[in-house]
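The block underneath contains the structure these notes are about, expressed in structure tokens.
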Amino acid sequence: MTRQALSRWSDPVQLRAEAGQRLLQTYAALAARGAHLLGHVLGGQAPRQWDHYPEQDAIDHASGYQWFYHSHHPEDRAGAAEHGHIHLFARRPLWSRRLNSRNERAFAELCGHPEPSPATRHLLGVSFDAKGLPISLFTVNSWVTGDLMLSAGLTLDLLDRMALDTGHPEVDAVLETVVCLCGPELRELMHRRDAALRAHPGAAKLQDEALELLAEMPIDLDSKLG
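Okay, so the sequence shown: first residue is 171 according to the working numbering, each after it adds one.
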């Protein structure tokens with residue numbers, strides 16, 4: 171049974187337990203062969219700041235999701251403990267037919283009715299430490315990623331249904347399981363994201379470079395697995 175089917179029909183407690191087991195198995199397998207989660211993505215090399223890994227992004231053309239990993243200069247995010255982060259996106263077929271819903275129209279109004287129609291919508295950022303372990307979830311303003319966002323409800327729905335097969339199975343597994351395990355954090359993250367957008371004055375808030383990080387939530391996977 172696929173994760174998409176599980177997310178709709180399985181008991182949530184069972185689903186989280188299975189996600190936790192899968193996450194542990196993923197890291198155990200990496201440890202057994204002395205590999206880093208991002209080793210395959212980085213090609214065994216140290217990442218160059220700002221470059222996309224993989225170069226053309228990791229895309230699942232069947233499911234409609236994509237992601238890339240990159241790192242910033244430490245001065246770009248003062249106080250951040252991350253090694254780098256993954257930006258996760260939904261491609262057009264996943265959301266194009268839902269843009270005229272009441273929630274999406276209301277969110278477009280909140281964002282100042284942006285005119286561009288990009289091929290992707292940013293769903294989530296996941297920060298990793300130097301060991302390749304997820305440490306936080308975050309959202310950023312649209313000018314950062316060069317596309318747009320979706321309403322909180324649709325974003326959470328797409329994350330809940332997410333199933334990845336991009337050719338990077340360990341990273342795909344970690345993204346899927348973290349999203350499954352961190353439902354409360356994701357809901358709070360979207361709440362904070364929208365509050366930041368509401369609080370920011372002006373119609374061009376999505377292009378205001380003074381507004382970059384909209385919301386961030388630390389995650390403690392050890393406590394969830396325990």
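Even glycine gets a Cβ: it sits at the ideal position worked out from N, Cα and C.
Top-ranked residue by Cα proximity to residue i, from the options
| i | options | result |
| --- | --- | --- |
| Thr315 | Gln219, Gln215, Asp299, Gln377 | Gln377 |
| Thr196 | Leu307, Gly302, Leu185 | Gly302 |
| Glu285 | Ala373, Ala187, Glu379 | Ala373 |
| Leu391 | Gly323, His283, Thr347 | Thr347 |
| Ala385 | Ala232, Ser393, Glu355 | Glu355 |
| Tyr235 | Gly353, Ala333, Ala198 | Ala333 |
| Gly337 | Phe238, Ser287, Pro263 | Phe238 |
| Leu345 | His242, Asp327, Gly295 | Gly295 |
| Leu419 | Ile229, Ser233, Ala198, Ser306 | Limits of the chain in this structure are 171 at one end and 396 at the other, which puts residue 419 out of reach. |
| Pro388 | Glu358, His370, Glu379 | Glu358 |
| His283 | Glu340, Trp265, Leu208, Leu320 | Leu320 |
| His242 | His231, Leu328, Gly254, Ala380 | Gly254 |
| Leu258 | Leu326, Leu280, His210 | Leu326 |
| Val310 | Lys375, Ala201, Asp299 | Lys375 |
| Ala189 | Cys350, Ala289, His292 | Cys350 |
| His240 | Ala300, Gly353, Gly396, Glu379 | Ala300 |
| Arg268 | Arg291, Ala343, Pro182, Gln226 | Arg291 |
| Leu318 | Ala278, His210, Asn270 | Ala278 |
| Cys352 | Leu200, Leu329, Ala260 | Leu329 |
| Leu324 | Ser312, Asp230, Ser287, Ser271 | Ser271 |
| Pro224 | Asn273, Ala232, Leu293, Gly213 | Gly213 |
| Leu193 | Ala289, Ala276, Pro339 | Pro339 |
| Glu379 | Leu185, Pro182, Ser312, Asn273 | Ser312 |
| Ala251 | Gly396, Pro304, Ala369, Lys394 | Pro304 |
| Leu207 | Asp342, Leu395, Pro182 | Asp342 |
| Ala289 | Gln226, Ala260, Glu274, Ile256 | Ala260 |
| His222 | Val211, Asp230, His231 | Val211 |
| Ile229 | Asp181, Ser297, Asp335 | Asp335 |
Residues that residue i bridges to, as DSSP identifies them
| i | result |
| --- | --- |
| Gly304 | Before going further, note that residue 304 is Pro rather than Gly in the sequence given. DSSP, once it has assigned bridges, lists Phe298 as partnering Pro304. |
| His255 | His240, Ser297 |
| Val310 | Leu383 |
| Thr290 | Arg261 |
| Leu318 | Arg291 |
| Pro388 | Ser306 |
Residue i - containing alpha helix (DSSP H), residue span
| i | result |
| --- | --- |
| Arg368 | 353-369 |
| Asp392 | 391-395 |
| Pro224 | Unbroken run through Pro224 is the beta strand (DSSP E), 223-230; no alpha helix (DSSP H). |
| Glu382 | Counting along the chain, Glu382 falls outside any alpha helix (DSSP H), and DSSP gives it neither H nor E. |
| Glu188 | 182-202 |
| Glu279 | 272-280 |
| His210 | 209-212 |
| Leu397 | There is no way to answer for residue 397, as the model of the chain reaches only from 171 to 396. |
Range covered by the beta strand (DSSP E) that runs through residue i
| i | result |
| --- | --- |
| Trp237 | 235-240 |
Near the ligand ZN: residue i beta-carbon under 6 Å from a heavy atom
| i | result |
| --- | --- |
| Gly337 | Ligands in the displayed structure: none, and consequently the ligand ZN is not present. |
Are the segment 360-375 and the segment 213-220 touching by the rule of at least three beta carbon pairs closer than 8 Å?
-> no
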